[in-house]
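Enquirer:
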Amino acid sequence: MTYQPPELLHPQPAAGPSPLEGTALLDGPGPDAVLVSCTDGYAHLHGRTPQQLTGQTMPGVPDGPTVTRTLPDGRTVTLDVTRSALTLGGRVLTLENVRAVSLRPGRPAPDRDAPTGLGDRRAFEQDLEEELARAARHRYPVTVLTADLDGLKRVNDEHGHARGDDLLGTFARELRGQFRASDRLYRLGGDEFAAILAHADTTNVAQILMRVTAAMTHTRHATGLPGADVSAGYATFPGDSGSPGDLIRLANERMYGQKRAHRGVRPGQDCVTGQLDHTVQTVAQRTVRMTFALLAQATDPSAQDWAALLEAAVLTVPDAAAGQFWVRGPAGPGLDAFQLRAVTGLPDTDLGLTRTPDDTLALYGASAHDWQHGRPNIHARTDTDGAASPSTMDVPVVAEREVLAHLHLQGTPGRTFGPAATHAALEFAQQLAALLAGCARTQRETRRRQELETLAALNVALGRARTPAAVETVLTEQAASLLAAQTATYLKYDPVTDSLVPTVTVGRARTGQSALPRGVGVPWDAAERACILRSDDTHRDHPAPQHGRPGAALATLHAPLVSSSGQLLGVLAVGREASPFSDLDVTLAQAMTGAAATSLERSVEAVAVHQARTGALHAVGLALEARDFESPGHTARVVALAERFAESLALDADQKEALREGAYLHDIGKLSLPDEVLLKPGALTPQERVIMQTHARIGYDLSRSLPTLPEASLLIRHHHEWWNGSGYPDGLAGQHIPYLARVFTLVDVYDALTSDLPYKRAWTPREAAHGLRSLSGTQFDPTLLKAFLSLLKL
Numbered sequence: 008m009t010y011q012p013p014e015l016l017h018p019q020p021a022a023g024p025s026p027l028e029g030t031a032l033l034d035g036p037g038p039d040a041v042l043v044s045c046t047d048g049y050a051h052l053h054g055r056t057p058q059q060l061t062g063q064t065m066p067g068v069p070d071g072p073t074v075t076r077t078l079p080d081g082r083t084v085t086l087d088v089t090r091s092a093l094t095l096g097g098r099v100l101t102l103e104n105v106r107a108v109s110l111r112p113g114r115p116a117p118d119r120d121a122p123t124g125l126g127d128r129r130a131f132e133q134d135l136e137e138e139l140a141r142a143a144r145h146r147y148p149v150t151v152l153t154a155d156l157d158g159l160k161r162v163n164d165e166h167g168h169a170r171g172d173d174l175l176g177t178f179a180r181e182l183r184g185q186f187r188a189s190d191r192l193y194r195l196g197g198d199e200f201a202a203i204l205a206h207a208d209t210t211n212v213a214q215i216l217m218r219v220t221a222a223m224t225h226t227r228h229a230t231g232l233p234g235a236d237v238s239a240g241y242a243t244f245p246g247d248s249g250s251p252g253d254l255i256r257l258a259n260e261r262m263y264g265q266k267r268a269h270r271g272v273r274p275g276q277d278c279v280t281g282q283l284d285h286t287v288q289t290v291a292q293r294t295v296r297m298t299f300a301l302l303a304q305a306t307d308p309s310a311q312d313w314a315a316l317l318e319a320a321v322l323t324v325p326d327a328a329a330g331q332f333w334v335r336g337p338a339g340p341g342l343d344a345f346q347l348r349a350v351t352g353l354p355d356t357d358l359g360l361t362r363t364p365d366d367t368l369a370l371y372g373a374s375a376h377d378w379q380h381g382r383p384n385i386h387a388r389t390d391t392d393g394a395a396s397p398s399t400m401d402v403p404v405v406a407e408r409e410v411l412a413h414l415h416l417q418g419t420p421g422r423t424f425g426p427a428a429t430h431a432a433l434e435f436a437q438q439l440a441a442l443l444a445g446c447a448r449t450q451r452e453t454r455r456r457q458e459l460e461t462l463a464a465l466n467v468a469l470g471r472a473r474t475p476a477a478v479e480t481v482l483t484e485q486a487a488s489l490l491a492a493q494t495a496t497y498l499k500y501d502p503v504t505d506s507l508v509p510t511v512t513v514g515r516a517r518t519g520q521s522a523l524p525r526g527v528g529v530p531w532d533a534a535e536r537a538c539i540l541r542s543d544d545t546h547r548d549h550p551a552p553q554h555g556r557p558g559a560a561l562a563t564l565h566a567p568l569v570s571s572s573g574q575l576l577g578v579l580a581v582g583r584e585a586s587p588f589s590d591l592d593v594t595l596a597q598a599m600t601g602a603a604a605t606s607l608e609r610s611v612e613a614v615a616v617h618q619a620r621t622g623a624l625h626a627v628g629l630a631l632e633a634r635d636f637e638s639p640g641h642t643a644r645v646v647a648l649a650e651r652f653a654e655s656l657a658l659d660a661d662q663k664e665a666l667r668e669g670a671y672l673h674d675i676g677k678l679s680l681p682d683e684v685l686l687k688p689g690a691l692t693p694q695e696r697v698i699m700q701t702h703a704r705i706g707y708d709l710s711r712s713l714p715t716l717p718e719a720s721l722l723i724r725h726h727h728e729w730w731n732g733s734g735y736p737d738g739l740a741g742q743h744i745p746y747l748a749r750v751f752t753l754v755d756v757y758d759a760l761t762s763d764l765p766y767k768r769a770w771t772p773r774e775a776a777h778g779l780r781s782l783s784g785t786q787f788d789p790t791l792l793k794a795f796l797s798l799l800k801l
């Protein structure tokens, strides 16, 4: 497929402006914390892109609408900044929210770059957002290209900025000549370039990258700077991401992977003269072509990528005819091994075979010191009949003092590897080390970002859990989701029976599981060792009945939860059939169980406090009943009915709690009324009625001095207001009456109507319903009245 798609026939309107609010997750407390991730809106309000801010130390600013920024379009924005601290798995994080509270117009920044005539960063970001919006509507692919001019700083330093501008302008002209008229090119600043290519996807990537290379080749000839070079990366919509920020970040990661490889294959190169040792130059020319796709990806290489790398090694090392490529990686819990990933010129029956690091070192045949320093070792072999066998060369691939891979090369029969071959192999290994180190860094960064995002998601979910049972449910469900497990069970420790009791089950875990007495089963092994235990095949390692499909290999992970005082709280057990649990899974499980253990302790304390508080509120209600003429049990009845009504209305947790508190304390103001008014058996005089009505305002003032929710205080003040505005104390009407006060009024009046009082008999429920309906739209909210009677089935 050639890279010549048609132009857009129907351009669409521009997308809307960037949102003027956003959120960021910072790794650390307060000022000078490192930004882990952020929304596009947050980055926009800082005049940057998300990929530019990620990993940056953010300066501390005070909370409140006092921070001003200048946006890329020249406007000045005043920001309101709020922060909340999160403590997750022993790590302190900060969640920062920013919101624009005012905007002042300014002069728009220019959208063209002077030295190159290309669009600038602001134009790129705006055009990309618009292009992706159109692509989403019309369902066509878009490729984002980013590129860096390698060596521009040295040209500026040694030959002046005029020479550097000449390099920039020439490269921009050559780049334009390589692309279609519909492709949009930009210089983002410094040595950074970018392009937006509509109707281009991964099938066009190789041709696109070749065009970039061609533009640089022409630039070298035109400027007389043979050492100038370019590193490029790409990302595609929708295959890689649908977010502009994510596409730019991924393209930059792939571009930086190529940049690292360039540095590894060109040690000591002069970027101005371009002079290189001939052998190094040959290696660069051959290997960069063979590994370009892998370098651009900077992710987990595929089997085809490993094969291309090995073929490149055989091509570039003189006298090499065949080879094997072994890559180091995890081989089980706490273990690693070298795995055969590619073979060329030899039988491939051993592909996938693993060897321990010690066995690999023994086959290398030289000292551990040479192995750690990446020195090639040549073996000249002789057959039993005295004939020379092909020589072999073993090359450790070393980065950051760690052997990441092992390259085994077999020579051409009748020839021996010489100094040129050793030098070429060493240079190739240096390039390969840069590539593998870049992949490893990307994977570590991905794991760290995943860990932080997991902890943030779990913290939000745990923050909504109010009881130990809710915490256990959140932990089990989140663990099943975040660890991609088919089964998950939480076993709560029961100190009375000294056993682990299953309380929450997710997925295909067996139902009806019984309690595990101390010492029985893998959960108790994890609990007694106080560490996470994992197994690649629990059916093999633990023959007792387990979760999962019969006969299927089930990887399991058991993580104990321990309180701050060292007491066992429970054990989380998860299982999956797809793959064993990795070191990252163990780290995430440790973080999740640590956060959940803290939440469990807090929820137990909160339940105890809540029960004590409920008892105190009930006691106040009983005191009011004893002093007033309320029927016995009035407080308990209105609280219970209010809870039922709240459930039917789907109120949130805070509203339910406020309604309960208000129900307990709704007449607390009557404690301040004189006996001659409160206990008067007959009708009240107008003056006494005024005194009686003050109990609502007095109750409101009293409740505000208690640790009650604000909505409960408003209920106490306004539960005698009428829908038509004729109630007291403030004469509010309709929707101006607080919602919970309107809810509780129905409960309070219904209980009074259906209870025996000194001055009246109890009405039947039907009589009470008729009485309430007669006051719909007068005393009561008509909508709530209908819902209330529906709840009572009246």
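Per the working numbering, the sequence shown runs over residues 8 to 801.
Note that beta-carbon positions come from the ideal geometry of N, C-alpha and C, so glycine has one too.
Taking 7 angstroms as the threshold (C-beta atoms), are D326 and F424 in contact?
Expert: For the purposes of this step, residue 424 is taken as residue 417 along the sequence shown, with counting starting at 1. For the purposes of this step, residue 326 is taken as residue 319 along the sequence shown, with counting starting at 1. Their beta carbons are under 7 angstroms apart, which means F424 touches D326 by this criterion.
Enquirer: Would you mind reading off the limits of the beta strand (DSSP E) that contains H832?
Expert: Here the chain has residues from 8 to 801 only, and residue 832 is not among them.
Enquirer: Within the same chain, show all residues whose beta-carbon is closer than 7 angstroms to that of L709, passing over the 5 residues directly before and after it, in chain order.
Expert: The sequence position of residue 709 within the sequence shown is 702, counting from 1. Excluding sequence neighbours, L709 sits near I675, G676.
Enquirer: Near D592, which residues of its chain fall below 7 angstroms by C-beta distance, leaving aside the five closest residues on each side in sequence?
Expert: Translated into positions along the sequence shown, residue 592 becomes position 585. Taken in chain order, the residues that qualify are L490, L564.
Enquirer: According to DSSP, simplified to helix, strand and coil, what is H380?
Expert: Along the sequence shown, one-based indexing puts residue 380 at 373. It is coil, neither helix nor strand.
Enquirer: Could you tell me whether the region 650 to 667 touches the region 677 to 688, using the rule of 3 or more Cβ pairs below 8 angstroms?
Expert: With the cut-off at 8 angstroms, the region 650 to 667 and the region 677 to 688 do not touch.
Enquirer: Find out if the Cβ-Cβ distance for the pair W729, D788 is shorter than 7 angstroms.
Expert: Numbered from 1 along the sequence shown, position 722 holds the residue referred to as residue 729. Numbered from 1 along the sequence shown, position 781 holds the residue referred to as residue 788. It is not a contact, given that the beta carbons lie outside the stated cut-off.
Enquirer: State the Cα-Cα distance for the pair L416 and R362, rounded to the nearest angstrom.
Expert: One-based indexing of the sequence shown puts residue 416 at position 409. One-based indexing of the sequence shown puts residue 362 at position 355. About 17 angstroms.
Enquirer: To test your reading of the DSSP string, which unbroken alpha helix (DSSP H) runs of 4 or more residues are found completely within the region 637 to 669?
Expert: Listed in chain order, they are 641 to 655.
Enquirer: Whole beta strand (DSSP E) runs in the region 574 to 603 with 3 or more residues, listed along the chain?
Expert: If we require 3 residues or more, the beta strand (DSSP E) runs fully inside the region 574 to 603 come out as 575 to 583.
Enquirer: Can you find the residues in the same chain that come closer than 6 angstroms, C-beta to C-beta, to L721, ignoring five residues on each side of it along the sequence?
Expert: Indexing the sequence shown from 1 puts residue 721 at position 714. Closer than 6 angstroms at the Cβ level, and outside the excluded window around L721, lie P745.
Enquirer: If distances are taken between C-alpha atoms only, which option among A329, Q346, T323, A328 comes closest to A310?
Expert: The residue given as residue 310 occupies position 303 in the sequence shown. The option with the nearest alpha carbon to A310 is Q346.
Enquirer: Is it buried or exposed for S4, if we count other Cβ within 10 angstroms and need 16 for buried?
Expert: Coverage of the chain is limited to positions 8 through 801, which leaves residue 4 absent and any answer about it impossible.
Enquirer: Quick one, which of A50, A441, A107, A140 has its alpha-carbon nearest S248's?
Expert: Position 241 of the sequence shown, counted from the first residue, corresponds to residue 248. It is A140 whose Cα lies nearest to the Cα of S248.
Enquirer: What residue range does the alpha helix (DSSP H) around D708 cover?
Expert: In the sequence shown, the residue the question calls residue 708 occupies position 701. That run of the alpha helix (DSSP H) goes 693 to 711.
Enquirer: Quick one, which of H413, F186, A596, G48 has its alpha-carbon nearest E484's?
Expert: The residue given as residue 484 occupies position 477 in the sequence shown. For the residues H413, F186, A596, G48, the minimum Cα distance to E484 belongs to A596.
Enquirer: Quick test of your reading: D1 and S238, contact by CB under 8 angstroms. State the CB separation rounded to the nearest angstrom.
Expert: As shown, the chain starts at 8 and ends at 801. That puts residue 1 outside it, with no answer to give.
Enquirer: Please tell me whether H726 and A748 are closer than 7 angstroms, where the distance is taken between their beta carbons.
Expert: Position 719 of the sequence shown, counted from the first residue, corresponds to residue 726. Position 741 of the sequence shown, counted from the first residue, corresponds to residue 748. Taking 7 angstroms as the Cβ cut-off, H726 and A748 qualify as a contacting pair.
Enquirer: Could you check whether A444 and A412 sit closer than 7 angstroms to each other, using their CB atoms as the reference points?
Expert: As a first step, residue 412 is located in the sequence shown; it is residue number 405 there, counting from the start. As a first step, residue 444 is located in the sequence shown; it is residue number 437 there, counting from the start. Not closer than 7 angstroms, so no.
Enquirer: Name the DSSP bridge partner or partners of K499?
Expert: Numbered from its first residue, the sequence shown carries residue 499 at position 492. Beta-bridge pairing links K499 to V508, G577.
Enquirer: Using the three-state DSSP reduction, which class does W770 fall into: helix, strand or coil?
Expert: For this step, residue 770 is matched to residue 763 along the sequence shown. DSSP places W770 in coil when its eight states are reduced to three.
Enquirer: Excluding the 5 residues preceding and the 5 following Q531 in the sequence, name in chain order all residues of the same chain whose CB lies nearer than 7 angstroms to its CB.
Expert: Along the sequence shown, one-based indexing puts residue 531 at 524. One detail in the question is off: residue 531 reads as Trp in this sequence, not Gln. Cβ within range, chain order: L507, L523, R525.
Enquirer: To which residues does DSSP link I385 through a beta bridge?
Expert: The count along the sequence shown starts at 1 and reaches residue 385 at position 378. Note: I385 sits in a beta bridge opposite M400.
Enquirer: Taking only the alpha-carbon atoms, compute the straight-line gap between G778 and S571 and give it to the nearest angstrom.
Expert: Within the sequence shown, residue 778 is the residue found at index 771, counting from 1. Within the sequence shown, residue 571 is the residue found at index 564, counting from 1. Going by the C-alpha atoms only, they are around 57 angstroms apart.
Enquirer: Using 7 angstroms as the threshold, is the C-beta distance between V151 and L254 below it?
Expert: Mapped onto the sequence shown, residue 151 falls at position 144. Mapped onto the sequence shown, residue 254 falls at position 247. It is a contact, given that the beta carbons lie within the stated cut-off.
Enquirer: So V6 is in the alpha helix (DSSP H); what residue range does that whole segment cover?
Expert: The question about residue 6 has no answer, for the chain in this structure spans 8 to 801.
Enquirer: Where do the ends of the alpha helix (DSSP H) carrying S806 lie?
Expert: The structure shown does not extend to residue 806, since the chain spans only 8 to 801, so no value can be given for it.
Enquirer: In three-state terms, what does DSSP make of P354?
Expert: Against the sequence shown, residue 354 aligns to sequence position 347. Coil at P354, not helix or strand.
Enquirer: Name the DSSP bridge partner or partners of E260?
Expert: Within the sequence shown, numbered from 1, the residue matching residue 260 stands at position 253. Note: E260 sits in no beta bridge, so no partner.
Enquirer: What residues match up with F787 in a beta bridge as DSSP calls it?
Expert: Here residue 787 is taken as the residue at index 780 of the sequence shown, counted from 1. Per DSSP, S783.
Enquirer: Drop a sphere of 10 angstroms on the beta-carbon of T785, count the other beta-carbons inside from all chains shown, and report buried for 16 or more, exposed for fewer.
Expert: Locating residue 785 in the sequence shown gives position 778, counting from the first residue. T785 should be labelled exposed.
Enquirer: Pick out whichever of S783, L782, Y757 has its Cα sitting closest to the Cα of T771.
Expert: Start at 1 with the first residue of the sequence shown, and residue 771 comes out as number 764. Among S783, L782, Y757, the Cα nearest to that of T771 belongs to Y757.
Enquirer: From this set, L60, H51, P36, which residue's C-alpha is nearest L42's C-alpha?
Expert: To locate residue 42, count along the sequence shown from 1; it is residue 35. Ranking L60, H51, P36 by Cα distance to L42 puts L60 first.
Enquirer: Taking 7 angstroms as the limit between beta carbons, can you name the residues of its chain near P69, skipping five residues before and five after?
Expert: Here residue 69 refers to the residue found at position 62 when the sequence shown is read from its first residue. Because P69 sits at a pLDDT of 48, beneath the cut-off of 50, its placement in the model cannot be relied upon, and the point is left open.
Enquirer: I'd like the list of long-range same chain contacts for A50, defined as Cβ closer than 6 angstroms, with 5 residues on each side in sequence excluded.
Expert: Taking the sequence shown and counting its residues from 1, the one referred to as residue 50 is at position 43. Within the same chain, A50 has close Cβ partners T56, P57, L60.
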